[in-house]
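Heads up, the thing below is written out as structure tokens.
Residue numbers (our numbering): 471 to 549.
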């Protein structure tokens, strides 16, 4: 409820940073409008997943990609 109140206010975007559990809870409650997914060119074998708590499909629309000299690519999607 509090996040929806913040989103309804005039102003700029809300941006959050947090661990996979926090982000998963926002995704599960359909509170995320834009996704910036960072792809880091390192194989770590396992990682925490942010989409585990959703059921069914969550269609996302690709907006654009950003490439950095270090090899990181950021894909921007909107719901």
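Backbone N, C-alpha and C define an ideal beta-carbon position, used for all residues, glycine too.
| Query | Result |
| --- | --- |
| Neighbour-count burial assignment, residue 536, 16 or more Cβ in a 10 Å radius | exposed |
| Secondary structure of residue 492, DSSP reduced to three states | helix |
| Same chain, Cβ closer than 6 angstroms to residue 511, neighbours up to 5 away in sequence not counted | 541 |
| Candidates 497, 471, 517, 526, of which the one nearest residue 486 by Cα | 497 |
| Close Cβ partners of residue 520 (< 8 angstroms) along its chain, the five nearest in sequence each way excluded | 490, 493, 494, 497 |
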